[in-house]
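In the working numbering, the protein residues as written are 37 to 428. Built from N, CA and C at the ideal position, the CB exists for glycine as well. Being a predicted model, the structure only gives us computed values, none of them experimental. Structure record follows, encoded as structure tokens.
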Ligand SMILES: Cc1ncc(COP(=O)(O)O)c(C=O)c1O
């Protein structure tokens, strides 16, 4: 559902916190049995009765002892969202977006995506009996395309981003206009419901940390939708008086696509952000040339006194290896950038070693095995690897 004015204005879901607080408290939550995102149903915009449940959410929070020791940190945690049903955090969003489509009796859903969100929507659509129309870039990874095929999506491979224009978004909008498909990309201005799903990361996190204070959370960032969800989750918890203070939200983008991070660092208003003409990085999930959810993402960063940090491909690749070698988590590059961001901030005092920090690890390396092999086959030469999307 989009704003009727079609100006890509933001529709927002608001909750009656007084009513929600009647049941949503620490003790009440502890007594709940479900472990998926529907555990937090009062703060989701659709009834779980419409949901296809594949086990989305309820992912582990890992105390990263080995990595922490290397970095001199005692309180470093990893939220392992690779363990979602289709192996990325997008399942939280698409479980909600697809449930809304079921409630609205839609037969066809459309998505523009580098692959993770599309694979996720395709899985939920398959079980719900809806047709998923996926618009993906030409170099979407083999793992993500394989998922789309198996889940029965119709796949349209679009052109590469050119001069900041994202052909996947244009094609999706054209299909929505022409055929009346229900738009369900993980961009807030095109669908305000799905962004409520990733909020549950913060509810889970605080429950898993027994409501202890948290100093900072590092968020892999492309369009800024995930970060918007993190901010909304924090705001909900504060409104309900479940937390007293916000952790700093830290947006992490690849150096080859960092329009949002630059705007955060320079204080540029959202309206003045210019799309990245030719995004390029090994982190293929973070190459949205325009941060569709940048307005709310920037609000979240500023209200929590957070920051933005960009990281180079070499550091991203090193983070993929460090997560696997030290903590047993096999992340795709897009899912691993948080660690690279933390290392950079530790070196310039943006984060203190004694702080309590959570890195979101958002997508599985099994999505991109070919690229991972390429990257690590080349590691001795010190190059960024063939997986990097090159400028034309
Ligand atoms: C693995 C992974 N992490 C993080 C993100 C970033 O999410 P967003 O575009 O909402 O900022 C994506 C987006 O596709 C992704 O695939």
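N- and C-terminal bounds of the beta strand (DSSP E) containing residue 256: The residue given as residue 256 occupies position 220 in the chain shown. Its beta strand (DSSP E) spans residues 252-256.
Residue environment, residue 54, which counts as buried when at least 16 other CB atoms sit within 10 Å: Along the chain shown, one-based indexing puts residue 54 at 18. In summary, residue 54 is exposed, with fewer than 16 beta-carbon neighbours lying within 10 Å of its beta-carbon over all protein chains present.
Residue 106, enclosing alpha helix (DSSP H) - first and last residue: Looking up residue 106 in the chain shown gives position 70. Here the alpha helix (DSSP H) through residue 106 covers 101-107.
Residue closest to residue 132, alpha-carbon to alpha-carbon, out of 257, 119, 118 and 76: Here residue 132 corresponds to residue number 96 of the chain shown, with the count starting at 1. If we check each option's Cα against that of residue 132, 76 comes out closest.
Closer than 8 Å: residue 359 CB and nearest ligand 1 heavy atom: Within the chain shown, numbered from 1, the residue matching residue 359 stands at position 323. Checking the Cβ of residue 359 against ligand 1 gives no.
Limits of the unbroken alpha helix (DSSP H) element including residue 440: Any property of residue 440 remains undetermined from this structure, which presents the chain solely from 37 to 428.
Any heavy atom of ligand 1 within less than 7 Å of residue CB: hits in chain order: 124, 125, 126, 149, 150, 152, 153, 222, 256, 257, 258, 259, 260, 261, 262, 263, 321, 322, 324, 329, 368, 370, 371, 398 and 399
Proximity below 9 Å, CB of residue 158 to CB of residue 203: Here residue 158 is taken as the residue at index 122 of the chain shown, counted from 1. Here residue 203 is taken as the residue at index 167 of the chain shown, counted from 1. Cβ distance not < 9 Å, so residue 158 and residue 203 don't count as in contact.
Cutoff 8 Å; reference residue 66; Cβ partners in own chain excluding five residues on either side: Taking the chain shown and counting its residues from 1, one reaches residue 66 at position 30. Here residue 66 has 243 as same chain residues with Cβ atoms under 8 Å from its own Cβ, once five neighbours each way along the sequence are excluded.
Contact set for residue 116: own chain, Cβ-Cβ below 7 Å, skip 5 residues either direction: Taking the first residue of the chain shown as position 1, residue 116 is located at position 80. Around residue 116: 95, 96, 98, 365 and 397.
Backbone CA spacing between residue 390 and residue 52 [nearest angstrom]: For this step, residue 390 is matched to residue 354 along the chain shown. For this step, residue 52 is matched to residue 16 along the chain shown. For residue 390 and residue 52, the distance between alpha carbons rounds to 37 Å.
Of the residues 196, 73, 167 and 153, the one placed nearest residue 314, counting alpha carbons only: Your numbering for residue 314 matches position 278 in the chain shown. If we check each option's Cα against that of residue 314, 196 comes out closest.
C-beta atoms of residue 357 and residue 113 nearer than 9 Å: Numbered from its first residue, the chain shown carries residue 357 at position 321. Numbered from its first residue, the chain shown carries residue 113 at position 77. No; because the gap between Cβ atoms is not below 9 Å, this pair is not in contact.
Own chain residues within Cβ distance below 7 Å of residue 70, not counting five before or after: Residue 70 sits at position 34 when you count from the first residue of the chain shown. Same-chain partners within the cutoff: there are none.
Anticipated Cβ contact below 8 Å, residue 369 with residue 319, distance rounded: Here residue 369 refers to the residue found at position 333 when the chain shown is read from its first residue. Here residue 319 refers to the residue found at position 283 when the chain shown is read from its first residue. Contact flag correct, Cβ pair sits at about 4 Å.
Distance CB(residue 293)-CB(residue 325) smaller than 9 Å: Residue 293 sits at position 257 when you count from the first residue of the chain shown. Residue 325 sits at position 289 when you count from the first residue of the chain shown. For residue 293 and residue 325, yes; Cβs fall inside 9 Å.
Where the alpha helix (DSSP H) containing residue 389 begins and where it ends: By 1-based counting over the chain shown, the position of residue 389 is 353. Segment: none, residue 389 is in no alpha helix (DSSP H) and carries neither H nor E.
Residue 249 classed as buried or exposed, judged by whether at least 16 other C-beta atoms fall within 10 angstroms: Here the question's residue 249 lines up with position 213 in the chain shown. Label assigned to residue 249: exposed.
Whole-angstrom distance between residue 207 and residue 429, CA atom to CA atom: Beyond the ends of the chain as shown, which are 37 and 428, falls residue 429; an answer cannot be given.
Spatial distance of residue 335 from residue 237 (CA atoms): Counting from 1 along the chain shown, the entry for residue 335 is found at position 299. Counting from 1 along the chain shown, the entry for residue 237 is found at position 201. So the two alpha carbons sit approximately 19 Å from each other.
Residue 144 and residue 215 closer than 9 Å at C-beta: For the purposes of this step, residue 144 is taken as the residue at position 108 of the chain shown. For the purposes of this step, residue 215 is taken as the residue at position 179 of the chain shown. Taking 9 Å as the Cβ cut-off, residue 144 and residue 215 qualify as a contacting pair.
4-residue-minimum alpha helix (DSSP H) runs that sit fully inside the stretch 117-142, ordered along the chain: 126-139
Distance, residue 167 Cα to residue 411 Cα: Taking the chain shown and counting its residues from 1, one reaches residue 411 at position 375. Taking the chain shown and counting its residues from 1, one reaches residue 167 at position 131. Approximately 35 Å between the Cα atoms of the pair.
Delimiting residues of the beta strand (DSSP E) encompassing residue 408: The sequence position of residue 408 within the chain shown is 372, counting from 1. Run containing residue 408: none in the beta strand (DSSP E); it sits in the alpha helix (DSSP H), 405-413.
In chain order, each alpha helix (DSSP H) run of at least 4 residues that lies wholly inside the stretch 196-276: Entirely contained in the stretch 196-276, the alpha helix (DSSP H) runs reaching 4 residues are, in chain order, 203-215, 236-244 and 261-275.
Close Cβ partners of residue 427 (< 6 Å) along its chain, the five nearest in sequence each way excluded: Reading the chain shown from its first residue, position 391 is the one you call residue 427. Its pLDDT being 43, under 50, residue 427 is placed unreliably in this model, and the value from its coordinates should be taken loosely. If we look at residue 427 and ignore the five residues flanking it on each side, its Cβ neighbours are 314 and 316.
Assigned exposure category for residue 351 - 16 Cβ within 10 Å defines buried: Residue numbering aside, residue 351 sits at position 315 when the chain shown is read from its first letter. Counting Cβ neighbours within 10 Å, residue 351 comes out buried, since at least 16 surround it.
Contacts around residue 279, its chain only, beta-carbon distance under 6 Å, and the 5 residues preceding and following it disregarded: Here the question's residue 279 lines up with position 243 in the chain shown. The answer, listed in chain order, is 273.
Separation of residue 348 from residue 45, as counted between CA atoms: Taking the chain shown and counting its residues from 1, the one referred to as residue 45 is at position 9. Taking the chain shown and counting its residues from 1, the one referred to as residue 348 is at position 312. Each residue's alpha carbon lies about 32 Å from the other.
Residues of its chain near residue 142, where Cβ-Cβ distance is below 7 Å and the 5 sequence neighbours each way are ignored: Locating residue 142 in the chain shown gives position 106, where the first residue counts as 1. 166 and 218, listed in sequence order.
Alpha-carbon spacing of residue 170 relative to residue 323, whole angstroms: Walking along the chain shown from the start, residue 170 turns up at place 134. Walking along the chain shown from the start, residue 323 turns up at place 287. Going from the Cα of residue 170 to the Cα of residue 323 covers about 17 Å.
Alpha-carbon spacing of residue 420 relative to residue 354, whole angstroms: The residue labelled residue 420 in the question sits at position 384 within the chain shown. The residue labelled residue 354 in the question sits at position 318 within the chain shown. With a pLDDT of 48 at residue 420, under the threshold of 50, the modelled position of that residue is not reliable, and the figure given next carries that caveat. Each residue's Cα considered, the two are about 10 Å apart.
Assigned exposure category for residue 423 - 16 Cβ within 10 Å defines buried: In the chain shown, counting from the first residue as 1, residue 423 sits at position 387. With a pLDDT of only 47 at residue 423, under the threshold of 50, the placement of this residue in the model should not be trusted; the figure read from the coordinates follows. Per the 10 Å Cβ criterion, buried.
Per-residue DSSP class, three states only, for residue 326: Here residue 326 is taken as the residue at index 290 of the chain shown, counted from 1. Of the three classes helix, strand and coil, the one that applies to residue 326 here is coil, per DSSP.
Status (buried if at least 16 other CB within 10 Å, exposed otherwise) for residue 82: Working through the chain shown from its first residue, we reach residue 82 at position 46. Buried, because 16 or more other Cβ atoms sit within 10 Å of the Cβ of residue 82.
Residue span of the beta strand (DSSP E) that contains residue 349, given as start and end: Walking along the chain shown from the start, residue 349 turns up at place 313. Careful: residue 349 lies outside any beta strand (DSSP E), inside the alpha helix (DSSP H) at 349-363.
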